[in-house]
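Peer 1:
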Ligand SMILES: Nc1ncnc2c1ncn2[C@@H]1O[C@H](COP(=O)(O)OP(=O)(O)O)[C@@H](O)[C@H]1O
Ligand SMILES: [Mg+2]
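Protein chains in written order, with the UniProt record's numbering: chain A, 1 to 310; chain B, 1 to 261.
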């Protein structure tokens with residue numbers, strides 16, 4: 001609990017920054033509303049105001065700035081507007097028994113979560129298998145490692161539509177499959193890098209000790225390399241699951257998707273409802289936080305079982 | 001039992017080919033270690049002490065000469081579980097308890113569960129760690145960790161114990177205590193011990209024979225038979241014989257150095 005206060009302080013700072021940013025971001029919209037309601041705004045007319053810098057507008061019309069905090073469709077919603085929207089599309093709907101209705105963020109988060117899990121599982125398996133190959137085979141190290149690195153330099157937004165098109169070409173109807181593949185594509189890399197490091201973490205002396213027992217390669221893998229790599233694995237898994245979530249959301253962005261947090265973001269963009277975008281973003285952030293926390297908890301339990309004290 | 005030596009090296013040489021040219025880690029080392037001997041290797045850094053032990057343990061391949069361990073090649077001897085090796089760092093697995101660490105070689109060698117438990121108890125007793133089996137390494141002091149690593153090397157009944165500066169990282173008080181315990185362990189078990197050290201008093205106190213080595217190329221400059229009795233209380237270090245042996249070791253080390261200076 002000692003770490004709690006700094007976390008709260010950072011959170012408070014972010015919120016304060018956010019709230020402060022609302023005024024300039026929404027200033028033009030706020031002045032339009034004020035003008036429509038008959039207030040005197042200088043300069044008059046929306047079109048002429050386009051030429052004037054935001055800060056000048058704010059200085060000249062300081063009495064009307066507050067309107068930016070209560071707009072119907074704000075360019076930047078306030079934290080409490082996002083909170084309200086989030087509640088309206090999650091908790092409130094759940095209370096009404098409509099948690100899995102298509103308008104509920106719980107439904108969309110669930111769709112995203114499923115693909116994230118599959119992508120995470122696939123990425124983890126590929127990452128671990130690749131790491132074992134790289135550690136045990138010089139050829140694999142020379143051939144796989146460069147490709148793994150190159151794979152991460154290709155922007156995923158460029159690759160995602162290709163993967164979706166390819167999978168429909170292959171006759172895969174299930175939309176979750178390409179999403180999971182994109183998710184795994186982002187997820188495998190941190191797992192691979194972490195596991196290579198972890199499997200190589202035993203010292204030469206530790207490996208020599210096993211040689212003095214005439215231990216087989218399998219025995220030294222199971223008894224030394226694998227357990228030694230676990231702390232590294234968990235650290236990578238935490239990065240990996242966040243990457244998997246991002247991958248899934250990116251996979252939901254290309255046209256066609258109608259469910260998932262990524263689709264909500266896209267739809268919010270197309271229909272000009274920033275509140276929907278922001279609440280989907282907040283939901284994604286909360287989801288990531290929960291997943292990483294769960295993994296951190298699994299890590300703590302596992303490492304405690306493995307005698308990690310102090 | 002025959003009088004066959006436990007370790008016999010004849011003209012043993014090992015040259016490492018490195019980027020800076022060949023390094024003669026060992027050159028023409030001839031040495032015979034009898035069963036039940038306690039032999040210390042002493043000499044400045046880089047004189048090949050570790051390399052010699054590693055050759056015996058088949059961790060390093062000599063480039064010349066012959067080496068037998070219990071009459072076998074080092075490789076065969078390893079498969080016959082002829083030796084246990086103790087490194088300077090205790091190297092216990094932090095995720096295993098003390099008992100779990102001692103169980104490691106037994107698991108790999110495929111002992112039965114009942115026998116594993118019986119052996120773990122016996123060797124933990126032998127190194128005075130009874131009751132610590134369920135503790136994790138971080139809960140033990142450095143000296144206790146090193147005792148656990150000795151127990152691990154003893155667990156499978158090898159009759160040779162190879163120890164590479166096992167107490168080098170410990171403070172002097174702990175070291176004295178462990179030296180005393182090692183001697184008593186040696187006299188109770190009758191093992192053959194090859195022991196690398198930097199410390200003249202440690203070498204003289206422990207050994208029946210002291211091998212003095214010098215570097216570049218790594219070679220033996222003197223072998224000293226200890227006149228001290230096998231039964232050695234700590235205060236034997238104030239006796240005249242002890243001081244004489246220590247003096248001879250120091251002379252040997254100085255002579256070895258003279259070549260390079
Ligand atoms: N794997 C190796 N490759 C190259 N040189 C080595 C290697 N191992 C040891 N040496 C060299 O061999 C010499 C003897 O080393 P070592 O046996 O470790 O000495 P000591 O244990 O007496 O300090 C040193 O000069 C060392 O640098
Ligand atoms: Mg050494």
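Just so it is clear, CB atoms sit at the ideal spot from N, CA and C, and this is done for glycine as well.
Give me the Cα-Cα distance between residue 91 of chain A and residue 103 of chain A, rounded to the nearest whole angstrom.
Peer 2: 12 Å
Peer 1: For residue 194 of chain A, which residues from the same chain have a beta carbon less than 7 Å from its beta carbon, with the 5 sequence-adjacent residues on both sides left out?
Peer 2: Within the same chain, and ignoring the five residues on either side of residue 194 of chain A in sequence, the residues whose Cβ sits closer than 7 Å to its Cβ are 232, 233, 235, 236.
Peer 1: What are the residues of the segment 103–118 of chain B that lie near chain A, defined by any Cβ-Cβ distance shorter than 8 Å?
Peer 2: 104, 105, 107, 108, 109
Peer 1: What are the partner residues of residue 22 of chain B, as DSSP defines its beta bridges?
Peer 2: By DSSP's assignment, residue 22 of chain B forms a beta bridge with B/17.
Peer 1: In whole angstroms, what is the alpha-carbon distance linking residue 260 of chain B and residue 161 of chain B?
Peer 2: Summary for residue 260 of chain B: the model assigns pLDDT 45, below 50, so the residue's position carries little reliability; its value from the coordinates is reported in the next sentence. Approximately 32 Å, taken between the alpha carbons.
Peer 1: Are at least three pairs of beta-carbons, each pair with one atom in the segment 20–34 of chain B and one in the segment 213–220 of chain B, less than 8 Å apart?
Peer 2: Contact holds: three or more Cβ-Cβ distances are below 8 Å.
Peer 1: Should residue 65 of chain B and residue 4 of chain B be called a contact, given that it needs their Cβ atoms to be closer than 7 Å?
Peer 2: no
Peer 1: If contact means a Cβ-Cβ distance below 8 Å, which residues of the segment 15–46 of chain A contact chain B?
Peer 2: Within the segment 15–46 of chain A, no residue places its CB atom closer than 8 Å to a CB of chain B.
Peer 1: Can you pull the DSSP bridge partners for residue 210 of chain B?
Peer 2: Paired residues: B/40, B/224.
Peer 1: Tell me the DSSP secondary structure of residue 32 of chain B in three-state form.
Peer 2: strand
Peer 1: Using a cut-off of 8 Å between C-beta atoms, extract the partners of residue 307 of chain A located in chain B.
Peer 2: 94, 95, 96, 97, 136, 137, 138
Peer 1: Could you say which of A/87, A/268, A/78 lies nearest to residue 16 of chain A if we only look at CA atoms?
Peer 2: A/78
Peer 1: Nearest CA to the CA of residue 246 of chain B: which residue from B/186, B/104, B/213, B/202?
Peer 2: B/202
Peer 1: When DSSP builds the beta bridges, which residues end up paired with residue 7 of chain B?
Peer 2: In DSSP, residue 7 of chain B forms a bridge with B/33, B/69.
Peer 1: DSSP three-state call for residue 135 of chain B: helix, strand or coil?
Peer 2: coil
Peer 1: Indicate the three-state DSSP secondary structure (helix, strand or coil) for residue 32 of chain A in the structure shown.
Peer 2: helix
Peer 1: So for residue 86 of chain B, helix, strand or coil by DSSP?
Peer 2: DSSP places residue 86 of chain B in strand when its eight states are reduced to three.
Peer 1: Comparing the CB of residue 50 of chain B with every heavy atom of ligand 2, is any distance shorter than 6 Å?
Peer 2: yes
Peer 1: Between which two residues does the beta strand (DSSP E) carrying residue 241 of chain A extend?
Peer 2: First-last for residue 241 of chain A: 226–252, but that is the alpha helix (DSSP H), not the beta strand (DSSP E).
Peer 1: Quick check: is any heavy atom of ligand 1 less than 6 Å from the C-beta of residue 86 of chain B?
Peer 2: no
Peer 1: Three or more C-beta pairs closer than 8 Å, one from the segment 145–153 of chain B and one from the segment 117–132 of chain B: is that the case here?
Peer 2: As far as the Cβ criterion goes, the segment 145–153 of chain B touches the segment 117–132 of chain B, which means the pair count is three or higher.
Peer 1: At what residue ranges does the segment 88–146 of chain A contain a whole run of the alpha helix (DSSP H), taking only runs of 4 or more?
Peer 2: 91–95, 105–136
Peer 1: State yes or no: is the C-beta of residue 21 of chain B nearer than 6 Å to some heavy atom of ligand 1?
Peer 2: no
Peer 1: Under 8 Å between beta-carbons, which chain A residues line up against residue 91 of chain B? List them in chain order, please.
Peer 2: 203, 205, 206, 209
Peer 1: Would you please state the rounded distance, in angstroms, between the beta carbons of residue 59 of chain A and residue 49 of chain A? I believe it to be under 8 Å.
Peer 2: Actually they are not in contact, since the Cβ atoms of residue 59 of chain A and residue 49 of chain A sit about 13 Å apart, beyond 8 Å.
Peer 1: Using a Cβ distance threshold of 8 Å, determine whether the segment 17–27 of chain A contacts the segment 60–79 of chain A, with at least three qualifying pairs required.
Peer 2: The segment 17–27 of chain A is in contact with the segment 60–79 of chain A.
Peer 1: Hey, how far is the Cα of residue 135 of chain B from the Cα of residue 173 of chain B?
Peer 2: Computed Cα separation, rounded: 23 Å.
Peer 1: Taking only the alpha-carbon atoms, compute the straight-line gap between residue 219 of chain A and residue 120 of chain A and give it to the nearest angstrom.
Peer 2: Cα to Cα, residue 219 of chain A sits roughly 28 Å from residue 120 of chain A.
Peer 1: What does the Cβ neighbour count give for residue 151 of chain B, buried or exposed, with the cut at 16 atoms within 10 Å?
Peer 2: buried
Peer 1: Which residues of the segment 41–65 of chain B have a Cβ closer than 9 Å to any Cβ of chain A? Give them in chain order.
Peer 2: 54, 57, 58, 59
Peer 1: Rounded to a whole number of angstroms, what is the C-alpha to C-alpha distance between residue 194 of chain B and residue 296 of chain A?
Peer 2: Whole-angstrom Cα-Cα distance: 47 Å.
Peer 1: So what's residue 359 of chain A in DSSP terms, helix, strand or just coil?
Peer 2: Residue 359 of chain A falls outside the range modelled here, since chain A spans only 1 to 310, and no answer is possible.
Peer 1: Answer yes or no: does any C-beta atom of chain B fall closer than 7 Å to that of residue 185 of chain A?
Peer 2: Closer than 7 Å: no.
Peer 1: Please state whether DSSP places residue 70 of chain A in a helix, a strand or coil.
Peer 2: coil
Peer 1: Starting from the Cα of residue 124 of chain A, find the closest Cα among A/21, A/210, A/180 and give me that residue.
Peer 2: The option with the nearest alpha carbon to residue 124 of chain A is A/180.
Peer 1: Flag this pair as touching only if the segment 108–123 of chain B and the segment 47–58 of chain B have three or more C-beta atom pairs under 8 Å; answer yes or no.
Peer 2: no
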